[in-house]
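Read through the structure below, which is laid out as structure tokens, and then see the notes.
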Amino acid sequence: MHITDVVNRARILENAMNRWLPALARLIPIAVLAAAATAQAAYPDRPIKLVIPFPAGGPTDALGRQLAQSLSTSLGQSIVVENKAGGNSAIGSDAVAKAAPDGYTLLFNASLFATNPHLVKLPYDIYKDFTPIALIAKAPLLIAVNNDLPAKNVAELIAYAKANPGKLNFGIGSNGSAGHLAQELLRSNAGVDIQMIPYKGSAPAYADLIGGRIQGFTDPVLGAIGQVQGGKVRALAVTSAKRLSALPSVPTVAESGMPGFEYHSWYGLWGPPNLPPEILQKLNAEVNRWLAQPDVKTQFEKLGYEAQPGTPTEFDKFVRDNSQRDAKIIKDAGIKAE
Amino acid sequence: MFDGLIAFGHSLVSFLDPFSIGLILVSSLVGVIIGALPGLTATMGVALMTTLTIKMPSNQALLVLICTYVGAIYGGSRSAILLNIPGTPASAASCLDGHALAKQGLAGRAMGIATSGSVLGTLIGMFFLALFTPVLGDLALKFGAYEFFWLAVFGVIIAGTLTGGDPLKGWIAGLVGIFCAAVGQEGIYAYDRFTFGSRDLAGGFNLVPALVGAFGFAELLMAVREKAAPVKISPFDSVIPKLVDVTKYWKTILRSGLIGTFIGILPGVGEDVAAWSSYAAAKRASKEPEKFGKGSIDGLMAAETGDNACVPGAIIPVLTLGIPGSAPAAVLMAAMLIHGVRPGPMIMTEAPTFVYDVVAMMMYATLGILLYGLTLTKVLIKVLMVPKPVILPIIFVLCVVGSFAISSRLFDVWVMLGFGVIGYVLRRLGYPIAPLVLGIVLGDLMEKGLRRGLVLSDGSLLPFFMRPISAVLWIAIVVVILMKLPAVQRLFQRGTAARTD
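Chains as they are written, first to last, in numbering that gives the first Met the number 0: chain A, 0 to 337; chain B, 0 to 500.
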């Protein structure tokens, strides 16, 4: 190739660049602005993925799907529920932690989210790798005992446990579950010896509780209320601060001689880290609007949930407080972590 | 009694408006399709439909859910028979004889048997649901950790003698299955086992990918190796269920129906175990046990009756105790709670007609699967006539998608491929695949039963041997093993020989 050819070609290229580059340079900001504008005005403009880190069909899944249903109506976009189960909910949570912070991948998880760091090794940091969006509901727990147990209230239970050390077996739905930690809290507060029997899920635990193979079991009110009202098991106390409207005759643990005792299971919504503030606010507002609907309130009451509307900042603080308290319970009880 | 019948009649009539009938037709079909697609299980189907029916009146919503549930358990047999892929874990046992029949050109007959088995199984379970709900509910309470441990051991031991000729090979496969169930975080304190630091392995092997691999993908590898021509439909094939099959195998149907209902009542074991148990019992009782796994009508009938009888069975403890008897029944119970029905010991006082409503829903679900059993079959048989180069890639795609769909993890696809290769190698070496699969299903139950039992008894093994139901189970296990030992068999032969002398 002759040198002039090269020069000519370079000139042609230069000319083209001269013509195109400024045009491109002018176009880019417009494109960015347009994209930003549509992102602001039209979020969401495509389906949103809601990750539920539990298998389809559990209590967390049921509530998460109700949230998805309501959000898809109010946001005008379909919400695709993805059950990414496994690893104590860590696998699904990790997927959201590593997703793009565009508001199209969200996480619905239970209180296990905040307990997990003290139980298992996680591939993420529960504060740095997530944006807390909204606390949705608290689920108070109910301490139920076998009908043949002489104890009629928490004080008698503690007296019985002291008189018969090593005799009491209490079921736990799964290691590190809210019911487990509530029982550990009760055990360490009272300073008594109760053996914890691990189950997977509450169905077999109830079978053993009614059958008399274990003496006590602590579970969200939703699961326990049928057996209590049918007289199959005896309710000793609820773990909420106030008595529940569904079970007005059952006292709280706090009023049974342990003032200040309160423990809940709870559910919340998270996004990937650094979620844009306008998307965060929008999602938080929609969740709060859903929780304020009268029929949602009555349904929650029926299911034993307490709706918890609030801001993302409040939710963040709630998670931190709960996680710290769980850490202390787990450490005091010597629950084995990895 | 008559009050009950009148209430049942009322419930039946209450679903006779056009909208409800439309719901029955649509949701049974959705159930059958969900069941037939590998990777979509009955549990997922019922959970999906729960969300879709949240705004409906409670009775219609529950009607949809029950039709989906029954339809899905039945629909799983379709892919099991035609492709050797269990559509849901409940149909794994149907693969053995169902697909063997299809290979002999009798796919229509096989589907007919599945239809009559499923319909009659549901009816048997329904009968117990309607009449003995209060009595049977308490049965679930008799089974504790000790009994579940033996039940699981019993299942694996029986499975070892199920298919292959050599029980030793069966038991080895069963132990491999139990080992596979031990991989990952153990179910009690979440300690990692055999994970080699891999987060994916910590989640363990999911049942569905393992099943799809061991049956479906292994079958595909076999098909690639063989040079068989596409199946020719036998002239004796017919899609209409035969009355003769029902009258000839009435004992199998009744036995499997009872076993299925009973397994359904027990919490923690569901449709898959019901199918295997009925299958095992049928083989032990059969006059032609050697036919099992090679296209035995008896075996297919047992598996299909057992898993569908499990559905009403699993609902019995939901209604009486508020304790679900299987995974889909747990979702159904959650849906009942959402719709303001509180199943449990109070149901008979709070909503006395509800039990009859459920029975009526079950009745319509049965009619639904019967309808689709009679109409959809003929089209489906054409699947078998598709030439290999076309159908094998489709099966492969189904295997991959089905494994992925269950929890959207790519790792599950690798598990499917891995189990497919293992399944292929085991088949080539003459090891049966069923005990391996049952080992995976029951390994978890066995381990938890043992560990929980030991904690409850403060480390004492005595309750495992001394409690009445436990004793029956472990003695049965010992007898089964002893009977398979050549030395013992010789002893018996000598005994009979001496007598004839």
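Glycine included, each C-beta is placed from N, C-alpha and C at the ideal position. Since this is a predicted model, take the numbers as computed values, not measurements.
Can you grab the Cα-Cα spacing for the pair residue i / residue j, in whole Å?
i      : j      : result
B:G111 : A:S73  : 47 Å
B:A350 : B:S57  : 13 Å
A:L62  : B:I23  : 26 Å
B:C309 : B:L472 : 21 Å
A:I329 : A:S176 : 11 Å
A:G309 : A:G303 : 19 Å
B:N205 : B:D411 : 7 Å
A:A36  : A:E285 : Reliability fails at A:A36, whose pLDDT of 48 lies under 50, so the model's placement of it is uncertain and the value that follows must be treated cautiously. Near 21 Å, if we compare the C-alpha coordinates of A:E285 and A:A36.
A:Q228 : B:I394 : 51 Å
B:I157 : B:V382 : 34 Å
B:V243 : A:I142 : 56 Å
B:V454 : A:I196 : 7 Å
A:L156 : A:L208 : 16 Å
B:L138 : A:P164 : 31 Å
B:G267 : A:A181 : 25 Å
A:G215 : A:A204 : 9 Å
B:L366 : A:P219 : 38 Å
B:A35  : A:Q68  : 26 Å
If you compare alpha carbons, which of the options is closest to residue i?
i      : options                       : result
A:A113 : A:A332, A:G333, A:K327        : A:K327
A:S173 : A:E183, A:L167, A:N287        : A:E183
B:F127 : B:I394, B:R451, B:I20, B:V357 : B:V357
B:P392 : B:L409, B:G267, B:V223        : B:V223
B:W413 : B:H9, B:V207, B:L28, B:A129   : B:V207
A:Y266 : A:E277, A:D44, A:I51, A:G211  : A:I51
B:I20  : B:Q59, B:N83, B:A281          : B:Q59
A:V80  : A:A99, A:P131, A:G91          : A:G91
A:P139 : A:G259, A:S88, A:V295, A:T251 : A:T251
A:A202 : B:V25, B:G321, B:I314, B:E270 : B:G321
Could you give the DSSP three-state label for residue i: helix, strand or coil?
i      : result
B:P166 : helix
A:R45  : coil
B:T52  : coil
B:P462 : helix
A:P272 : coil
B:E225 : coil
A:P28  : Note that A:P28 scores a pLDDT of 49, beneath 50, so its modelled location is shaky; the value from the coordinates is reported in the next line. Helix, per DSSP.
A:R233 : strand
A:T194 : The residue asked about is misnamed: residue 194 of chain A is Gln in this sequence, not Thr. A:Q194: strand per DSSP, three-state reduction.
B:H338 : coil
A:V119 : coil
B:Y430 : coil
A:V50  : strand
A:Y126 : coil
A:A99  : coil
B:S237 : coil
A:A38  : Residue placement at A:A38 is flagged as unreliable, the pLDDT there being 47, under the threshold of 50; the coordinate-derived value follows with that caveat. Helix.
B:L391 : helix
Quick one: list the residues of chain A neighbouring residue i, beta-carbon separation under 9 Å, in chain order.
i      : result
B:G196 : Result: empty, since nearest Cβ-Cβ is about 10 Å, beyond 9 Å.
Show which residues of chain A have a CB atom less than 8 Å away from the CB atom of residue i.
i      : result
B:A359 : Neighbours of B:A359 on chain A: none; closest Cβ ~22 Å, over 8 Å.
B:R451 : I196, P197, Y198
So which residues of chain B does residue i contact, with C-beta pairs closer than 7 Å?
i      : result
A:G85  : G202, S406
A:L235 : Under the 7 Å cutoff, chain B gives no residues; its nearest Cβ is about 18 Å from A:L235.
From what residue to what residue does the beta strand (DSSP E) around residue i run?
i      : result
A:N108 : 104-109
B:A279 : Counting along the chain, B:A279 falls outside any beta strand (DSSP E), though it belongs to the alpha helix (DSSP H) covering 270-284.
A:G215 : 215-219
A:K137 : 130-145
B:G21  : Element bounds for B:G21: not the beta strand (DSSP E) but the alpha helix (DSSP H), 17-35.
Locate the alpha helix (DSSP H) running through residue i, then write down its first and last residues.
i      : result
A:Q298 : 293-302
B:E146 : 144-159
A:I209 : 201-210
A:L70  : 58-74
Please tell me whether, using a cut-off of 7 Å, the distance from the CB of residue i to the nearest non-hydrogen atom of the ligand MG is below it.
i      : result
B:V155 : The ligand MG is not part of the structure shown, which contains no ligands of any sort.
Can you pull the chain B neighbours of residue i, defined as C-beta to C-beta under 8 Å?
i     : result
A:Q65 : T50, I53, I337
A:Q58 : For the sequence presented, residue 58 of chain A should be read as Pro rather than Gln. Those within 8 Å of A:P58 in chain B are A333.
Which chain B residues are close to residue i, counting only those with a beta carbon under 9 Å from its beta carbon?
i      : result
A:E183 : Result: empty, since nearest Cβ-Cβ is about 14 Å, beyond 9 Å.
A:E81  : S406, S407
A:N168 : V454, L455
A:L302 : L336, I337
A:A61  : A46, T49, T50, V330, A333, A334, L336, I337
Note down, in chain order, every chain A residue with its Cβ under 7 Å from the Cβ of residue i.
i      : result
B:M465 : Chain A residues near B:M465: none, gap ~14 Å exceeds 7 Å.
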